[in-house]
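Have a look at the structure below, then the notes.
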Amino acid sequence: MHKTPLLDQLESGPYPSFVKDLKRLAAKKPQVNDLLGQLERSYKEKITHWKHGGIVGVLGYGSGIIGRYSDLPDEFPGLEHFHTMRINHPSGWFYTTQAIREVCDIWDQYGSGILNMHGATGDLVLLGTTTDNLEPCFQALAHKGWDIGGSGSAMRSPSCCVGPARCEWAMFDTLEACYECTQHFQFDLHRPSFPYKYKLKFSGCPNDCVAAVARADQSHIGVWRDDIKIDQSAVKAYDGGELKPRGGATPYAKLDVKADVVDLCPTGCMSWDGKTLKIDNKNCNHCMHCINMMPQALKPGSERGVTILMGSHAPILEGAQMSWVIVPFMEVEPPFDNIKELTERIIEWWAENGKNRERVGELILRLGMRTFLEAVGLPPVPQSVIRPRANPFFYWKQEDFDAEAAGKKYYTTK
Amino acid sequence: MHKTPLLDQLESGPYPSFVKDLKRLAAKKPQVNDLLGQLERSYKEKITHWKHGGIVGVLGYGSGIIGRYSDLPDEFPGLEHFHTMRINHPSGWFYTTQAIREVCDIWDQYGSGILNMHGATGDLVLLGTTTDNLEPCFQALAHKGWDIGGSGSAMRSPSCCVGPARCEWAMFDTLEACYECTQHFQFDLHRPSFPYKYKLKFSGCPNDCVAAVARADQSHIGVWRDDIKIDQSAVKAYDGGELKPRGGATPYAKLDVKADVVDLCPTGCMSWDGKTLKIDNKNCNHCMHCINMMPQALKPGSERGVTILMGSHAPILEGAQMSWVIVPFMEVEPPFDNIKELTERIIEWWAENGKNRERVGELILRLGMRTFLEAVGLPPVPQSVIRPRANPFFYWKQEDFDAEAAGKKYYTTK
Amino acid sequence: MALAKAELVEYLYKMVEAAQGKKQLKAMDLQKAVLKEHPDQDKNMIKMAIKELIDSGRCVYTYFGGSFIEIPHVEGAAKH
Amino acid sequence: MAERITDIGPPHYGKFLSPVIKENYGKWVSHEIIEPGILKHVAESGAEIYSVRVASPRILTTLQARDICEVADKYCGGYLRFTSRHNFELLVSDKAKLEPLKAELAKRGMPKGGTGHSITNIVHTQGWIHCHTPAIDASGVVKSVMDDLFEYFGSHRLPAQVRISLACCLNMCGAVHCSDIAILGVHRTPPKVNHDRLRHLCEIPTTISACPTGAIRPHPDKSLKSVTVNEERCMYCGNCYTMCPAMPLFDPKKGGVALLVGGKVSNAKSPPMFSRLAVPWIPNNPPRWPEVVQTIRKILIKYAEGANKYERVAEWIERIGWEKFFEVCDIPFTYQHIDDYKWAYDTYRTSMHFKF
Amino acid sequence: MAERITDIGPPHYGKFLSPVIKENYGKWVSHEIIEPGILKHVAESGAEIYSVRVASPRILTTLQARDICEVADKYCGGYLRFTSRHNFELLVSDKAKLEPLKAELAKRGMPKGGTGHSITNIVHTQGWIHCHTPAIDASGVVKSVMDDLFEYFGSHRLPAQVRISLACCLNMCGAVHCSDIAILGVHRTPPKVNHDRLRHLCEIPTTISACPTGAIRPHPDKSLKSVTVNEERCMYCGNCYTMCPAMPLFDPKKGGVALLVGGKVSNAKSPPMFSRLAVPWIPNNPPRWPEVVQTIRKILIKYAEGANKYERVAEWIERIGWEKFFEVCDIPFTYQHIDDYKWAYDTYRTSMHFKF
Ligand code: SRM
Ligand code: SRM
Ligand code: SRM
Ligand code: SRM
Ligand code: SF4
Ligand code: SF4
Ligand code: SF4
Ligand code: SF4
Ligand code: SF4
Ligand code: SF4
Ligand code: SF4
Ligand code: SF4
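Chains as they are written, first to last, in our numbering: chain X, 1 to 414; chain U, 1001 to 1414; chain E, 2001 to 2080; chain P, 3001 to 3356; chain H, 4001 to 4356.
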């Protein structure tokens, strides 16, 4: 066993220790021992010891495998090849122990035995194997019903919040939408032919428990457009302290409906006279705050659908972006054909126009929202912007002049 | 007289009519008659009939005259030349009738007799004369104590709010500061040698009655940094309806101190229990709202100075900008040497580095705040930004590493 | 080596003359050009030399979006 | 002629201050607006000054200026000032003179107002009276709008101050970009290059670099010594025309008016804000621009109805949301409203915070 | 081997749902957090499911995974799930099993928590375990910070949820850019070009266009077939290294940790927000990164003391102002905090709304 005096210091402390866990496995798996050895070196030298590796993969696919080679293969021969396999996780990260054990069995056989449950995109990551093992490992998994996830310039493994499986606020079936889209885009998930990565995420409500707004090229977030349902007696129970604020999630014993709910409503559209809670629903912006605070008293309305937002990604190259509203409301139901079709149109436009390593959000910014919206057949809507433009530098097209000639007016006529 | 059926329609209505006024003069001055004639043509054709003019001026100066020629000189011979002279206005636009009459006399002699009281930058604009008349008109005015204002790539005529002359909120002497700076930069006002225009404006308090934040490359706004002075009995008088809200400026009979003042304070730093108004002054952001509402009860503190903000201009080329905070607080007093010196340092840096037609704010954005601040000798302060950067793309210089080696730390050590 | 005031004025004039019709020069272009050839030239003297050139009427300031220094000529837009 | 005088700068304002103002300079303690258009300022000493604010079309002939002087001599000892929004103020130190002054102003058709919760004078620019780049006239539009909104000039009826400004082209002379309501002249055609004139009048590199969107390129036919414009990339700012008169971009039919709303300058409550596009184009209809007048009135009325006490237009819109602004004002939302210039991203709605 | 299988996609989640969940799918009516780490969801039918959330270091060996399965078999009929922040949840349908399960978790050193007003798991990345561009390790920093803040994992003591994330380089894998507290590995040296390797490994145009700031140019010596870096313009993003391995930018001394704070994702009350630079550099001190741990604790404590009820870190800072944040947290403000990237202008303070 390699000596790891620095890493050993991470064995203590109350939070579960990955070092302790890896050490257990190192006793059986020489490559895990080498991993600890190399990691110790990194801790000492404050530098990574991994090299690029971009070519390995399984037959027919171009995604899902991240090649990796140690730059110290002589010292740590177990790390000469140390690729990861991204396995497409099931919607909502639900498992049976049987399924997990099957994966473990295969991975013990073909790989290091190290997993990430899960990767930041959502995949079940199998961490560390050799080039030779990739294909047999893949096929062993495939025979148990698993497939590889995305990487490179491809559709990435979509992900979703726990949604209707265990949450009262899911405004649409996030799990099925995620599953359906994943299946629909299988070809593009495995055969990278896009300008860059493309991520889909599905959150059932504006609480956005998969952070779709922050890290999906196409974010789907559930929303309602009618009235919040109010159980007035439950509201009173909150105000009276019989029900705990936020279902018990807080240090506070009692909810002050006025101070904690009404006054914190961002649109100021609520009122409470000690007896009746009123909501001016036309001015509610679906922030979920009141519902979050009083889960037993308030429920989202019943006219439900998704908002589609586009463009988020991490900071490379233009600086990080969050997704912005493209379609404020879309009714959806399995098999989610309207989502699939819109996605196809968007991807086609992006694939056609995007430069290498240009995310769809960056392309929209480069070519302008109008070009994008027209290309994918969507109308301009004020929900897309927090505020209209402040600069006077706007464009006109011949079609606008034609429309004017046909009577179109931009000003009020009433 | 030219027929002006369209313009004639602007003679009616309750607001003072420039057409009516011009017609009076047209009876005496043929060029004014021509001006109405050409204007009528523009009203009919919906197009301007003025051409560029870039060479005319008075001897030795390169600013203050806007050359203009009609493109219909045969029809409107009085407009063949029709240049404007920008006369530098007195601080705060104060006049005696004698002074105005002297200007009128000269302008009746050498020009069209049309004035703008005033131009958007603040100058007293004499509108319409010929090339030949420029120099004699200038000298006639000079002998009455007037000088020409700015135009072109030069220092522009600075302007200021009425300030201490008639406003209780002036945190510094805006009129004298404006006068002093105007005098100090006479050379640069008349001899355009900057990359582009440079505007100075002075507002006595954050109400900013000369819109300095919106349209001055260097904006000076008065501010206090100690405590707002409260006359509690006057507060009660407002709450009781004895004093009218906002000094009577509103349709409202009575001020609700809680709803109209305390609840609208943007920082939430006020409280009112019906008897005592309290302000947590450390958290006040000098918005002036409470003072505006109760001018008889509240006064700015007595530790007073100016905030210097930089960079505002209209939308050409990068889109409009507002000025941003560079120096949060500077104590000033006549003759305002510290303002003059800082301005000189800034202009020198800009003149050296700016491209043709690049405003100072655009240059700061192009080269970065650090480059600017270091060049003019100012420290980085959090007041400059509403929020720190969100992107992780920041630079380091050798001097930073040297400072670290000497013990500098960026994190908390307490 | 720095130029004497009178030489400097001529130097500037020649520059403007040479550029006429080709490139519109700004005061700062002149200053930078002088300093390139004569790094020790006093900036204020350059400023004053330009003033002299203008005060003498041999050059004028013109304005086309930005302010330039040119040899006086008849304005294209003026009808004479 | 006498000795030539230069570089004296403006006269010192001290020469023009009335005795009361001079004596109480920097010592004012408070003010009141005793009625629309009349301010009363009180000094530590107890001294008072009354300022009567009067509407001005800003264009004044020497005749009109002399008329104003006549009034000022009669009631103010010859002391007056102009405001940052081009009204003038008669500075009365003798309270007794207020009533006769009001009567005289009424007689002369010089309306007082513009204080407090009113619509004060419209800051504006040259238009067809003097500029070479305007898409619209300035003074005529101002007159038309102010005539229509006149009831708000001499009263304190609005929830807060409403500041309207006008600029006749994208250069936006004045603080138009931070106004409650901004009226903006816009061109909508790319410049037409006159190659012959360009060769003589313009420097090619300067002309090319004038274009913010990089739409101007050297003409492929080198012998022309001219430029071409990529019309797709041109957003009609006219900056090239400013640099080079051989590139006019006027078109009587396509030019027109855009309205921007929700800007402000003061720091009161909310920070200064930019005006933002409300209506991208209204036809240019002299002499009274009825569509412009009507749309502004609609916006104003909806604001007056919808705003809370003390709420500026900007604050009202930010509270209800821009999507609601378009709805209540019955203004269609178009592609033009969506920013696609340099900082566009920061205007996009990266949240679920919207209303249906 | 059997027939080759491809493109089957992931298994349908339906296969993995416990009976209670399957029956009440889409029919949940409400939830409670009966104690930190234990959620109770109730369905229309009255059915209940208890979810016990357990901390995970995310790196799991198959040994550990099997241990977890053992527990799930014993108390949950073999049903479990993982969360979007890499905790796992044991899905208990029989309430009686909760207490024994808690005891077993305690015994096994598997801490429950991460619900409600807690600090839940730190979303993080590969670090020195598997990536080629990290400036810091991931798992080790996470372990160090979570050990220190452990009291907040299994409790509901904070004014609101606090989400901490870590990314080991500027690629920022994970939603680090929208976290209450983001820990970010940063390089601080420009890449060193290995001309020999570059010639063989990299495409020059792609390498050049990889640079967001245009710092990379073709090498003036054409025969080298390589590039040079304008070090002044390099902000060490490592994007060139991603495209071209011949341009490493590692430096053990200069690399380190930046902290960004005040981001959020949910729309609750306030819209999603970016995290913003709090500390530009803290030395990279394995194995326990004491300065990072201490600074995060300081920020957290000040937040817990200063925030109103239900206020996220972002909301607290926006309310008091960033200038006050730096003051109360005793963090120096530096040039690095001032944005100078593409949308810098929108972060500048164009108002008088600041505090001294
Ligand atoms: C494994 C994983 C981190 C983890 O430990 O969980 C990961 C690892 C890598 N990411 Fe990532 N990214 C991972 C999720 C993300 C996410 C989060 C997400 O998808 O929700 C993001 C932010 C969202 C986004 O897509 O922008 C992310 C943003 C990036 C970026 C920057 C992209 C940008 O537009 O700014 C890069 C750089 C690149 O693509 O060259 C990148 C590149 C990489 C590479 C491939 C490094 C490279 O340049 O070649 C890393 C391989 C590490 C390794 O050795 O395995 N990774 N990466 C995550 C994928 C696991 C999985 O499939 O579940
Ligand atoms: C006369 C005046 C408008 C008025 O009717 O009051 C005016 C008139 C012109 N302005 Fe202006 N500007 C006038 C105040 C302003 C202001 C307001 C201010 O100074 O507070 C601004 C906005 C603030 C600013 O400086 O950005 C302003 C922003 C512009 C711009 C755009 C600058 C930018 O950075 O975006 C231009 C374009 C240019 O410089 O080429 C411009 C250019 C012009 C030119 C010189 C047209 C040109 O391109 O050659 C106009 C000459 C009109 C004429 O025929 O007389 N004018 N201009 C104002 C000057 C009178 C005075 O001296 O008092
Ligand atoms: C005379 C003048 C200054 C000058 O040097 O000429 C002036 C004078 C006063 N202003 Fe002003 N302001 C003047 C232009 C402005 C401007 C500039 C502009 O409109 O272009 C602003 C910024 C406008 C904006 O935010 O868009 C301005 C924003 C204010 C405010 C803040 C109002 C707000 O709530 O946003 C106050 C405070 C108040 O009214 O309570 C104020 C208050 C005042 C007071 C009460 C100050 C005082 O104690 O004497 C003066 C009388 C106000 C009134 O008429 O109701 N003054 N004031 C200007 C009159 C213009 C006019 O003819 O109508
Ligand atoms: C299990 C999980 C979804 C999943 O599919 O895995 C989940 C589950 C729930 N979330 Fe969440 N959230 C989960 C990640 C998130 C995330 C994503 C993240 O952190 O990366 C967010 C956005 C975080 C952010 O804003 O930065 C998130 C923002 C919320 C919110 C809004 C909180 C706020 O005030 O900002 C709520 C509402 C609430 O807590 O009252 C919420 C509410 C809930 C509820 C109460 C929903 C329900 O009725 O069942 C669930 C229990 C909350 C709890 O633990 O206190 N969930 N939740 C995720 C658990 C992660 C973990 O292991 O800790
Ligand atoms: S995003 Fe909404 S629906 Fe999905 S788990 Fe979170 S709270 Fe429930
Ligand atoms: S969801 Fe948000 S905006 Fe709507 S009523 Fe509740 S708190 Fe207000
Ligand atoms: S800016 Fe302030 S000091 Fe100046 S006039 Fe306006 S309110 Fe008075
Ligand atoms: S000046 Fe503004 S921030 Fe300060 S106490 Fe008054 S209202 Fe509040
Ligand atoms: S706004 Fe444009 S057209 Fe109007 S005066 Fe200014 S430069 Fe001329
Ligand atoms: S009008 Fe503006 S955008 Fe169009 S070509 Fe000229 S400078 Fe470019
Ligand atoms: S954040 Fe950077 S170093 Fe860390 S895993 Fe992602 S790409 Fe690799
Ligand atoms: S590290 Fe980034 S900024 Fe520096 S040269 Fe490489 S790509 Fe350019």
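Backbone N, C-alpha and C define an ideal beta-carbon position, used for all residues, glycine too.
ask   = Roughly how many angstroms separate the alpha carbons of residue 335 of chain X and residue 4262 of chain H, rounded to a whole number?
value = Position 335 of the first sequence, counted from the first residue, corresponds to residue 335 of chain X. Position 262 of the fifth sequence, counted from the first residue, corresponds to residue 4262 of chain H. Taking the straight line from one Cα to the other gives about 38 angstroms.
Requested in this report: Taking only the alpha-carbon atoms, compute the straight-line gap between residue 146 of chain X and residue 314 of chain X and give it to the nearest angstrom.
Outcome: Along the first sequence, read from residue 1 onward, the residue named residue 146 of chain X stands at position 146. Along the first sequence, read from residue 1 onward, the residue named residue 314 of chain X stands at position 314. Going by the C-alpha atoms only, they are around 28 angstroms apart.
- If you drop the 5 nearest sequence neighbours on each side, which residues of the same chain put their C-beta closer than 7 angstroms to that of residue 4190 of chain H? Position 190 of the fifth sequence, counting from 1, holds the residue named residue 4190 of chain H. Same-chain partners within the cutoff: 4229, 4231, 4234, 4236 and 4249.
- Using only alpha-carbon positions, find the residue among P:3168, P:3208, P:3177 and P:3330 that is nearest to residue 3240 of chain P. Here residue 3240 of chain P corresponds to residue number 240 of the fourth sequence, with the count starting at 1. Of P:3168, P:3208, P:3177 and P:3330, the residue nearest in Cα terms is P:3208.
Contact between the region 1254 to 1269 of chain U and the region 1305 to 1320 of chain U: three or more CB pairs below 8 angstroms?
no
By the 9 angstroms beta-carbon criterion, what residues does the region 320 to 344 of chain X contribute toward chain U?
320
Within its chain, find whatever has a CB closer than 7 angstroms to the CB of residue 1216 of chain U; leave out the 5 residues flanking it on each side and keep chain order.
Position 216 of the second sequence, counted from the start, is the residue given in the question as residue 1216 of chain U. So the list reads 1199, 1200, 1201, 1312 and 1323, once near-sequence residues are dropped.
Which of helix, strand or coil does DSSP assign to residue 1116 of chain U?
The count along the second sequence starts at 1 and reaches residue 1116 of chain U at position 116. Three-state DSSP puts residue 1116 of chain U in a strand.
| Proximity below 7 angstroms, CB of residue 3304 of chain P to CB of residue 3158 of chain P | Here the question's residue 3304 of chain P lines up with position 304 in the fourth sequence. Here the question's residue 3158 of chain P lines up with position 158 in the fourth sequence. Yes. Within cutoff.
Original post:
Closer than 8 angstroms, Cβ to any Cβ of chain X: which residues of the region 1384 to 1399 of chain U, in chain order?
Top reply: 1390, 1391, 1392 and 1393
Q) Taking the alpha-carbon positions, what's the residue 3098 of chain P to residue 3079 of chain P distance? A) Taking the fourth sequence and counting its residues from 1, one reaches residue 3098 of chain P at position 98. Taking the fourth sequence and counting its residues from 1, one reaches residue 3079 of chain P at position 79. Roughly 14 angstroms between the two C-alpha positions.
Practice prompt. Note down the Cα distance separating residue 1065 of chain U from residue 1087 of chain U, rounded to an integer number of angstroms.
Written response: As a position in the second sequence, residue 1065 of chain U is number 65, starting the count at 1. As a position in the second sequence, residue 1087 of chain U is number 87, starting the count at 1. The alpha-carbon atoms of residue 1065 of chain U and residue 1087 of chain U are separated by roughly 9 angstroms.
Task: Beta-carbon neighbours of residue 315 of chain X, restricted to chain U and to distances below 9 angstroms - done: What you label residue 315 of chain X is simply residue 315 of the first sequence in a count that begins at 1. The answer, in chain order, is 1390, 1391, 1392 and 1393.
Using a threshold of 6 angstroms, is the CB atom of residue 203 of chain X nearer than that to any non-hydrogen atom of ligand 5? Residue mapping note: residue 203 of chain X aligns to position 203 of the first sequence, counting from 1. Residue 203 of chain X Cβ: within cutoff of ligand 5.
Exercise. Quick one: grab the DSSP three-state call for residue 4028 of chain H.
Key: Translated into the one-based positions of the fifth sequence, residue 4028 of chain H becomes position 28. Strand.
- With DSSP as the reference, label residue 4256 of chain H as helix, strand or coil. Along the fifth sequence, read from residue 1 onward, the residue named residue 4256 of chain H stands at position 256. Strand.
> Does any CB atom of chain H fall closer than 7 angstroms to the CB of residue 104 of chain X?
Replying inline: The residue labelled residue 104 of chain X in the question sits at position 104 within the first sequence. So yes, residue 104 of chain X belongs to the interface.
With a cut-off of 7 angstroms, does the C-beta of residue 3104 of chain P fall near any C-beta of chain E?
-> What you label residue 3104 of chain P is simply residue 104 of the fourth sequence in a count that begins at 1. No, residue 3104 of chain P does not count as interfacial toward chain E.
| said: For a quick check, are the C-beta atoms of residue 4029 of chain H and residue 4145 of chain H less than 7 angstroms apart? | reply: Walking along the fifth sequence from the start, residue 4029 of chain H turns up at place 29. Walking along the fifth sequence from the start, residue 4145 of chain H turns up at place 145. No. Outside cutoff.
What is the rounded straight-line gap between the Cα of residue 3147 of chain P and the Cα of residue 1105 of chain U?
Numbered from 1 along the fourth sequence, position 147 holds the residue referred to as residue 3147 of chain P. Numbered from 1 along the second sequence, position 105 holds the residue referred to as residue 1105 of chain U. Answer to the nearest angstrom: the Cα atoms are 32 angstroms apart.
Taking any Cβ of chain P, which residues in the region 1114 to 1139 of chain U have a Cβ under 7 angstroms from it, in chain order?
1114, 1115, 1116, 1117, 1118, 1120, 1127 and 1139
(request) Round the Cβ separation of residue 1114 of chain U and residue 3059 of chain P to the nearest angstrom and send it over; I've been treating them as touching at under 8 angstroms. (result) Within the second sequence, the letter at position 114 stands for residue 1114 of chain U. Within the fourth sequence, the letter at position 59 stands for residue 3059 of chain P. Contact holds; Cβ gap of about 6 angstroms.
Task: Proximal chain P residues relative to residue 4346 of chain H, where beta-carbon distance stays under 8 angstroms - done: Start at 1 with the first residue of the fifth sequence, and residue 4346 of chain H comes out as number 346. Within chain P, the residues near residue 4346 of chain H are 3343 and 3346.
Subject >> Inter-residue spacing [alpha-carbon to alpha-carbon] between residue 377 of chain X and residue 326 of chain X >> reply: Indexing the first sequence from 1 puts residue 377 of chain X at position 377. Indexing the first sequence from 1 puts residue 326 of chain X at position 326. Their Cα atoms are separated by approximately 11 angstroms.
Does residue 3201 of chain P come within less than 7 angstroms of chain E when only Cβ atoms are used?
-> Numbered from 1 along the fourth sequence, position 201 holds the residue referred to as residue 3201 of chain P. With 7 angstroms as the cut-off, residue 3201 of chain P counts as an interface residue toward chain E.
Original post:
Would residue 3016 of chain P pass as a contact of residue 1096 of chain U if the rule is Cβ separation under 7 angstroms?
Top reply: Locating residue 3016 of chain P in the fourth sequence gives position 16, counting from the first residue. Locating residue 1096 of chain U in the second sequence gives position 96, counting from the first residue. Contact flag set, yes.
Check your understanding: Between which two residues does the beta strand (DSSP E) harbouring residue 219 of chain X extend?
Key -> Within the first sequence, residue 219 of chain X is the residue found at index 219, counting from 1. Where residue 219 of chain X is concerned, the enclosing beta strand (DSSP E) stretches over 218 to 224.
For this session: Going by CA-CA distance only, name the one from P:3336, P:3219, P:3187 and P:3338 that's closest to residue 3253 of chain P.
Result: As a position in the fourth sequence, residue 3253 of chain P is number 253, starting the count at 1. Comparing Cα positions, the closest option is P:3187.
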